[in-house]
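Trainee: So the sequence lines, in the order shown, correspond to chains L and D.
Per the working numbering: the first sequence = residues 3 to 254.
Per the working numbering: the second sequence = residues -10 to 246.
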Amino acid sequence: MPAIIRRTPAGVISTIVALLIWQFIGSFGPLAGDSFATATEAITALAGLLTDSVFWAAVGQTLHMAILGFIISIAVAVPLGLLIGLSRFSYRSSKFTFDFFKVIPPIVIIPIAILAIGPNITMGVVLVIFANVFAVAIQTAYGVRDTDPVLLETMRCYRFNVIQQVLHARLPSAAPQISVAIRLAASAALIVAVVAGLVGGAPGLGNLLMRYQSGGQVDKTYAVLLALGIFGILVSRLIVRAQRRIIFWTGR
Amino acid sequence: MTTPAISIRDVTMDYPTPDGVNHVLDGVSYDVAEGHFVSIVGPSGVGKTTLLRLLTGLATPTGGEIQVRGQRLTSSPEGLAVVLQDYTRSLMPWLTVEKNIALPLRNAKLSRTATRERVEESLAEVGLTGTGRSYPWQLSGGMQQRVSIARAIAVRPSILVMDEPFASVDAQTRFDLEDLVLKVRDDFGITTLMVTHDIDEAVYLSDEIVVLYGKPAVVRDIVKIDIPFPRSQMTTRNDHRFADLRTHVYGMVRGLE
């Protein structure tokens, strides 16, 4: 293998290959034509969007829905999961209900959400919360229940009260589980915030995507997709990095 | 007559199981004198750990009672410290060694300086000075068990309970830790109860050995270990008295006597 390829990170090579295939299909393949943008067209359009205030306003609205919804989900779900996980009875009795809501795709409650709230930012926030709160709560409860009984008995021998046991044993024990749930929730928050605009008429990138598509601005439609992919990668990288710092004792 | 540190009075323990009631202990009685080192031995599954759970207040006997200094035991008694076999599960991986040791001291309401001094003293006692900033998982198994022992002595316990404390370390480390326990006992005079399946270890460390035997288990014998202190790995284990006592206890545990 030539040295220049060996020294390039694998991600860069696969990205270049994917872009080349995209370019090739868009230029010569069966999809070639006005309804399909090539890689170069999409990238050029994205560069144009970067100086467009409409695009940045949409980014702001989508991030607003995603981040606010995400923060509220975590702030509600983690303490809720903690309480549920503390007793076997509450865990067993909540698990069914929470699993039921967990598997309902947020997209199917959009009609109800539009009726109840209207096609706006608040609806997007509510959808993001709905998409995440059950999964994070049940995962937190599971992590809390999964605390090593030997550790808890050690704490009881040293006469730690229940609150101390929660703070010093159950919560840190559940941290790896909670963090997986949070990572999934962050990705889901972004997706749902876009879907809220795409299907539910909420503002933001989803809405922009619809407008470009119906206006026949093929290159810009693709550019928004490209931007969403990049945002998604940035979000998950950021969270993984934060997790490695916070939960340093696992994965040794 | 002085009040014993711990008084086990006619203790019975039954567990309900899907196949009926499991009778584990049947009328176990024994008094632990203040400052004594007592080992509980017996065949596997005889109920040694069950008895230990009763003594730490983690479980309540179905019959009889346990008194600590004349007080009936209802939850973990004040002044109790524990060292368990599985140090990786009883130490907290997210806390440094010094924070692990300092955590139980929160309930002692010491000042910050006093806490730090107590942690340093305890680390010095177990020969781990300078490792306070490490995490337990960065240390060897023997060192982690030393951390458990340091955490135990840091609370200045009046009762120390150990469940197979040296079963997860290699033979050489085991001898070192046994001598460490003798030193701790010498320095602090803590009433100590240890469950072990290692009869040599029980004879080497104890003032008295309680032999549990049978199903449900009863106290088969109480063996006084009249080998003088200080004991040493080199001489004590070659003593005739040591050999006689270990043979006697071994015979009891195997049901040969």
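Just so you know, even glycine gets a beta-carbon here, dropped at the ideal spot from N, CA and C.
Any Cβ of chain L within less than 8 Å of the Cβ of D/P7?
Mentor: Working through the second sequence from its first residue, we reach residue 7 of chain D at position 18. No, no contact with chain L.
Trainee: L/H66 by DSSP, collapsed to three states: which one?
Mentor: Position 64 of the first sequence holds residue 66 of chain L. Reduced to three states, the DSSP call for L/H66 is helix.
Trainee: What does the Cβ neighbour count give for L/N209, buried or exposed, with the cut at 16 atoms within 10 Å?
Mentor: Residue 209 of chain L sits at position 207 when you count from the first residue of the first sequence. It counts as buried.
Trainee: According to DSSP, is D/M183 part of a helix, a strand, or is it coil?
Mentor: On the second sequence, position 194 is the one that residue 183 of chain D refers to. It is a strand residue.
Trainee: For a contact defined as C-beta to C-beta under 7 Å, what are the partners of D/R78 on chain L?
Mentor: Looking up residue 78 of chain D in the second sequence gives position 89. Here the neighbours are D150, V152, L153.
Trainee: May I have the straight-line CA-CA distance separating D/D8 from D/K204, to the nearest angstrom?
Mentor: The residue labelled residue 8 of chain D in the question sits at position 19 within the second sequence. The residue labelled residue 204 of chain D in the question sits at position 215 within the second sequence. Going from the Cα of D/D8 to the Cα of D/K204 covers about 16 Å.
Trainee: Apart from the five residues on each side of it in sequence, which residues of its chain come closer than 8 Å, Cβ to Cβ, to L/G28?
Mentor: Indexing the first sequence from 1 puts residue 28 of chain L at position 26. These residues qualify, in order along the chain: A34, F38, A39, T40, A41, E43.
Trainee: Determine, using beta carbons only, whether D/F155 and D/R163 come nearer to each other than 8 Å.
Mentor: In the second sequence, the residue the question calls residue 155 of chain D occupies position 166. In the second sequence, the residue the question calls residue 163 of chain D occupies position 174. Their beta carbons are under 8 Å apart, which means D/F155 touches D/R163 by this criterion.
Trainee: Roughly how many angstroms separate the alpha carbons of L/P107 and L/A47, rounded to a whole number?
Mentor: The residue you call residue 107 of chain L lines up with position 105 of the first sequence. The residue you call residue 47 of chain L lines up with position 45 of the first sequence. The straight-line gap from Cα to Cα measures roughly 32 Å.
Trainee: Spell out whether any CB of chain L is found under 8 Å from the CB atom of D/T45.
Mentor: If you number the second sequence from 1, residue 45 of chain D lands on position 56. Yes, D/T45 counts as interfacial toward chain L.
Trainee: Below 8 Å between beta carbons is the criterion; list the residues of the region 163 to 185 of chain L that meet it against any residue of chain D, in chain order.
Mentor: Per Cβ criterion, the list reads Q166, H170, A171, P174, A177.
Trainee: For the beta strand (DSSP E) that D/K213 lies in, which residues bound it at each end?
Mentor: As a working mapping, residue 213 of chain D is identified with position 224 in the second sequence. Looking at the DSSP string, the run of the beta strand (DSSP E) that includes D/K213 is 207 to 213.
Trainee: Which partner residues of D/V17 appear in the DSSP bridge assignment?
Mentor: Here residue 17 of chain D refers to the residue found at position 28 of the second sequence. Its beta-bridge partners are D/V0.
Trainee: Using a Cβ cut-off of 8 Å (strictly closer), state whether D/V30 contacts chain C.
Mentor: Protein chains L and D are contained in the structure displayed, whereas chain C is not.
Trainee: From L/I74 to D/K37, what distance separates their C-alpha atoms?
Mentor: In the first sequence, residue 74 of chain L corresponds to position 72, counting from 1. In the second sequence, residue 37 of chain D corresponds to position 48, counting from 1. Spanning the two alpha carbons is a distance of roughly 50 Å.
Trainee: Check each candidate in D/D15, D/I142, D/A143, D/V170 and name the one with the smallest Cα separation from D/E153.
Mentor: Here the question's residue 153 of chain D lines up with position 164 in the second sequence. Ranking D/D15, D/I142, D/A143, D/V170 by Cα distance to D/E153 puts D/V170 first.
Trainee: Which of helix, strand or coil does DSSP assign to L/Q141?
Mentor: Against the first sequence, residue 141 of chain L aligns to sequence position 139. DSSP places L/Q141 in helix when its eight states are reduced to three.
Trainee: Check for me: the beta strand (DSSP E) holding D/V57 runs from which residue to which?
Mentor: Along the second sequence, read from residue 1 onward, the residue named residue 57 of chain D stands at position 68. Run containing D/V57: 52 to 57, per the beta strand (DSSP E) assignment.
Trainee: The region 89 to 102 of chain L: which residues have C-beta closer than 9 Å to a C-beta of chain D, in chain order?
Mentor: Within the region 89 to 102 of chain L, no residue qualifies.
Trainee: With a threshold of 8 Å on Cβ separation, who are the neighbours of L/I116 within its own chain once the five nearest residues in sequence on each side are excluded?
Mentor: Stepping through the first sequence from its first residue, residue 116 of chain L is reached at position 114. M125, G202, G203.
Trainee: Could you tell me the distance, in whole angstroms, from the CA atom of L/L195 to the CA atom of L/L129?
Mentor: Here the question's residue 195 of chain L lines up with position 193 in the first sequence. Here the question's residue 129 of chain L lines up with position 127 in the first sequence. For the record, residue 195 of chain L in the displayed sequence is Ala; it is not Leu. Straight-line Cα distance between these residues: approximately 8 Å.
Trainee: Apart from the five residues just before and just after D/V150, which ones in its own chain have a Cβ nearer than 7 Å to its Cβ?
Mentor: In the second sequence, residue 150 of chain D corresponds to position 161, counting from 1. Closer than 7 Å at Cβ, skipping near neighbours: L41, L44, T45, L69, V71, L182.
Trainee: If we call anything under 8 Å between Cβ atoms a contact, is L/L153 one with D/R78?
Mentor: As a working mapping, residue 153 of chain L is identified with position 151 in the first sequence. As a working mapping, residue 78 of chain D is identified with position 89 in the second sequence. The answer is yes: Cβ separation under 8 Å.
Trainee: Between D/L40 and chain L, is there a C-beta pair that is closer than 8 Å?
Mentor: For this step, residue 40 of chain D is matched to residue 51 along the second sequence. No, because no Cβ of chain L sits closer than 8 Å to the Cβ of D/L40.
Trainee: What ranges does the alpha helix (DSSP H) occupy inside the region 113 to 180 of chain L, keeping only unbroken runs of at least 4 residues that lie completely in it?
Mentor: Within the region 113 to 180 of chain L, the complete alpha helix (DSSP H) runs of at least 4 residues are 123 to 147, 151 to 159, 164 to 167.
Trainee: Using 8 Å as the threshold, is the region 160 to 169 of chain L in touch with the region 228 to 240 of chain L, meaning 3 or more CB pairs across them?
Mentor: Contact between the region 160 to 169 of chain L and the region 228 to 240 of chain L is absent, because fewer than three Cβ pairs lie under 8 Å.
Trainee: Give the residues from the region 232 to 244 of chain D that approach chain L closer than 9 Å (Cβ to any Cβ), ordered along the chain.
Mentor: Answer set for the region 232 to 244 of chain D: empty.
Trainee: For D/D15, count neighbouring Cβ atoms within 10 angstroms of its own Cβ and tell me buried if that reaches 16, exposed if not.
Mentor: Locating residue 15 of chain D in the second sequence gives position 26, counting from the first residue. The residue is buried, with at least 16 neighbouring Cβ atoms inside 10 Å.
Trainee: So the candidates are D/V10, D/D75, D/K98; which of them puts its Cα closest to the Cα of D/G261?
Mentor: What the structure shows of chain D is the stretch from -10 to 246, and residue 261 of chain D is not part of that stretch, so it cannot be assessed.
Trainee: Closest to D/D189 by C-alpha separation, out of D/M2, D/L94, D/I214, D/T120, would be which residue?
Mentor: Mapped onto the second sequence, residue 189 of chain D falls at position 200. Cα-wise, what sits closest to D/D189 is D/I214.
Trainee: What is the DSSP secondary structure of D/M132, reduced to helix, strand or coil?
Mentor: Sequence index remark: in the second sequence, residue 132 of chain D carries index 143 (1-based). D/M132 falls in the helix class under three-state DSSP.
Trainee: Inspect the CB distances between the region -8 to -1 of chain D and the region 93 to 100 of chain D and report whether three or more fall short of 8 Å.
Mentor: As far as the Cβ criterion goes, the region -8 to -1 of chain D does not touch the region 93 to 100 of chain D, which means the pair count is below three.
Trainee: Whose C-alpha, out of L/I86, L/K222, L/G62, L/V78, is nearest the C-alpha of L/I184?
Mentor: The sequence position of residue 184 of chain L within the first sequence is 182, counting from 1. Among L/I86, L/K222, L/G62, L/V78, the Cα nearest to that of L/I184 is on L/V78.
Trainee: Restricting to Cα atoms, I'd like to know which of D/T185, D/T225, D/R235, D/K172 is closest to D/G31.
Mentor: For the purposes of this step, residue 31 of chain D is identified with residue 42 of the second sequence, where counting begins at 1. Measuring from the Cα of D/G31, the nearest candidate turns out to be D/T185.
Trainee: Output yes if chain D places a C-beta closer than 8 Å to the C-beta of L/R246; else output no.
Mentor: To locate residue 246 of chain L, count along the first sequence from 1; it is residue 244. Not one chain D Cβ lies under 8 Å of L/R246.
Trainee: Decide if L/P205 is buried, meaning its Cβ has at least 16 other Cβ atoms within 10 Å, or exposed.
Mentor: Position 203 of the first sequence, counting from 1, holds the residue named residue 205 of chain L. Its Cβ being crowded by 16 or more others within 10 Å, L/P205 is buried.
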